[in-house]
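What follows is a set of notes on a single structure, which appears directly below.
Chains as they are written, first to last, in the numbering used here: chain A, 159 to 445; chain L, 7 to 241.
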């Protein structure tokens, strides 16, 4: 019983991180209809920027995260302006190639700047709490609370503000968005900024329980792709629910099936869900 | 109010419209007639900024708007209600209307009043305000599309085939509403294949054929024109 609760909590933690990453990916997909393969690089750089701020400038963890959000958000905007915007009239395959190009470039850049070593990020929240014989580390609680807070804020922004609704409107009908007077260029930039910011938050929250290294985004973003495919491409609830489904399955699978095959479970889940519901769990009707 | 001169729009090397001249006075209803692919929608796309004109001028209330971005054109007071409606299908009726007021997003009270005005024009939209746009019938979607365009308080509204695919009874209602919108002070440029109904409410009209204007005149003149009658009225 204790093991189960412990594993459910771990699943929740992992799921929170996956959801944040998948949300950024799904928002960009909704707007541009391209899978942004470079999203994993933004995640990785988010971890590095936070780490560097803490080590180099001795900044406090929270301040470092804020700077990381801003830097990676701006990097997202730059990516949109310099690469995806000029390609908007090109065939879709060009976007995909460009995204992979950005990914390779940013990873090589990270290796050049920080080296290929695995680094640890220290956290001011290393305490261990014991409730009913189950141990929680403060950092893991922080990941959950932080992720849920960010998701609620994002939901309120998208649902309750004009500018946020413009993102949703544009993903549902791009020409319709033009017709009501939405400046789609600005919305695209904003979306990339939010997407980058979300990746930075996810990386900064999870780095203390994982490690920071140039390839840290690979598996996470692959799984984020699994999540948005099984949740329905471009669907926001799909990204959140999908993230937690994957988190729970992985953590329970690691305990009760085999820890070695933990990463396989995501893709197994993808195969199963796609054979039952090929359009994804929360597919959008009619485009 | 709107003066289009020598407008040419090319898709690649193909001219979708060539050398089109249109003039609309304040308060008028002007109709563009023509079959599918004659160039009506392309003209609309150029006026509302969705397609870039390759030649010609579009003058709206003294300023040149040709080639400006769609959001700037909506801000200047021209809104297009496109064929195919271009609604936001997973948003509710109410949310769609609110998005229509995007360019006035800071004027909260004005938006509230505009929603009430649209509900008054189309009571069914008030009944269905919590339903998603995608779940509405074709006629209701058309009403919502017109309602959404009115939310931006346009001076000129471009209506692209509002009667397409609708039952005859609904078509009649639709044209009544268009007339009412016009009486409330909005100038209307209408594109239609249903010449019979359109000429009844229009002041003047232009007839498109393969990308150019071939006939123009007042509604009475067009109605009496043999070629127009044969091609578009079927009498």
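Heads up, the beta-carbon is just placed ideally off N, CA and C, and yes, glycines get one too.
Residue nearest to residue i in terms of C-alpha spacing, selected from the options
| i | options | result |
| --- | --- | --- |
| residue 71 of chain L | L:197, L:9, L:170, L:212 | L:9 |
| residue 13 of chain L | L:124, L:33, L:65 | L:65 |
| residue 156 of chain L | L:138, L:175, L:187 | L:187 |
| residue 322 of chain A | A:350, A:304, A:299 | A:350 |
| residue 139 of chain L | L:99, L:68, L:25, L:180 | L:99 |
| residue 21 of chain L | L:127, L:119, L:58 | L:58 |
| residue 365 of chain A | A:201, A:182, A:434 | A:201 |
| residue 228 of chain A | A:398, A:203, A:298, A:175 | A:203 |
| residue 96 of chain L | L:185, L:136, L:184, L:111 | L:136 |
| residue 195 of chain A | A:362, A:241, A:259 | A:259 |
| residue 312 of chain A | A:330, A:285, A:352 | A:352 |
| residue 207 of chain L | L:193, L:24, L:120 | L:193 |
| residue 171 of chain A | A:238, A:361, A:219 | A:361 |
| residue 222 of chain A | A:184, A:358, A:208 | A:208 |
| residue 108 of chain L | L:148, L:154, L:89, L:91 | L:154 |
| residue 143 of chain L | L:32, L:210, L:215, L:90 | L:90 |
| residue 380 of chain A | A:174, A:166, A:179 | A:179 |
| residue 87 of chain L | L:25, L:152, L:217 | L:152 |
| residue 446 of chain A | A:169, A:165, A:160 | Any property of residue 446 of chain A remains undetermined from this structure, which presents chain A solely from 159 to 445. |
| residue 209 of chain L | L:215, L:56, L:223 | L:223 |
| residue 354 of chain A | A:197, A:255, A:269 | A:197 |
| residue 11 of chain L | L:164, L:17, L:25 | L:25 |
| residue 280 of chain A | A:212, A:408, A:425, A:294 | A:212 |
| residue 164 of chain A | A:332, A:298, A:399, A:434 | A:298 |
| residue 189 of chain A | A:339, A:215, A:347 | A:347 |
| residue 424 of chain A | A:173, A:167, A:226 | A:173 |
Residue i at chain A interface by Cβ criterion, 8 angstroms
| i | result |
| --- | --- |
| residue 171 of chain L | no |
| residue 149 of chain L | no |
| residue 143 of chain L | no |
| residue 101 of chain L | yes |
| residue 180 of chain L | no |
| residue 158 of chain L | yes |
| residue 19 of chain L | no |
Where residue i meets chain L, residues with beta-carbon distance less than 7 angstroms
| i | result |
| --- | --- |
| residue 334 of chain A | 92, 93, 94 |
Chain A contact residues for residue i, given Cβ-Cβ distances below 7 angstroms
| i | result |
| --- | --- |
| residue 108 of chain L | 320, 324, 338, 339, 340 |
| residue 235 of chain L | Going along chain A, no residue has its Cβ under 7 angstroms from residue 235 of chain L, so there is no contact; the nearest lies around 34 angstroms. |
Under 8 angstroms by beta carbon: chain A residues contacting residue i
| i | result |
| --- | --- |
| residue 167 of chain L | Near residue 167 of chain L there are no residues of chain A at all, since even the closest Cβ is about 15 angstroms away, more than 8 angstroms. |
| residue 216 of chain L | The contacting residues do not exist; residue 216 of chain L stays about 25 angstroms from chain A at best. |
Listed by chain order, chain L residues near residue i by CB distance under 9 angstroms
| i | result |
| --- | --- |
| residue 437 of chain A | Here the premise fails: no neighbours, minimum Cβ distance about 14 angstroms. |
| residue 327 of chain A | 94, 97, 101, 102, 105, 108 |
Within-8 angstroms CB hit, residue i to chain L
| i | result |
| --- | --- |
| residue 396 of chain A | no |
| residue 174 of chain A | no |
| residue 269 of chain A | no |
| residue 330 of chain A | yes |
| residue 440 of chain A | no |
| residue 443 of chain A | Summary for residue 443 of chain A: the model assigns pLDDT 46, below 50, so the residue's position carries little reliability; its value from the coordinates is reported in the next sentence. Output row for residue 443 of chain A: interface = yes. |
| residue 390 of chain A | no |
Chain A contacts made by the stretch 72-92 of chain L, where a contact means CB separation under 9 angstroms: 75, 76, 77, 78, 79, 80, 81, 85, 86, 87, 88, 90, 91, 92
Interfacial residues, the stretch 37-65 of chain L to chain A, with Cβ spacing under 9 angstroms: Within the stretch 37-65 of chain L, the residues whose Cβ lies closer than 9 angstroms to any Cβ of chain A are, in chain order, 54, 55, 56.
Under 9 angstroms (Cβ pairs) to chain L, residues found in the stretch 359-373 of chain A: none
Secondary structure, alpha helix (DSSP H): runs of 4+ residues fully inside the stretch 41-93 of chain L: 46-53, 76-82
Alpha helix (DSSP H) runs wholly inside the stretch 359-430 of chain A, at least 4 long, in chain order: Uninterrupted alpha helix (DSSP H) stretches at least 4 residues long and entirely within the stretch 359-430 of chain A occur at 375-389, 394-414, given in chain order.
Near-chain A residues of the stretch 202-227 of chain L - C-beta to any C-beta below 9 angstroms: Correct list: empty, as no residue qualifies.
Continuous beta strand (DSSP E) assignments of at least 3 residues falling wholly in the stretch 268-353 of chain A: 286-289, 292-295
3 or more residues per run - each beta strand (DSSP E) lying fully within the stretch 218-271 of chain A: none
Secondary structure, beta strand (DSSP E): runs of 3+ residues fully inside the stretch 168-214 of chain L: 193-198
Completely contained alpha helix (DSSP H) runs for the stretch 134-160 of chain L, where each covers 4 or more residues: 144-156
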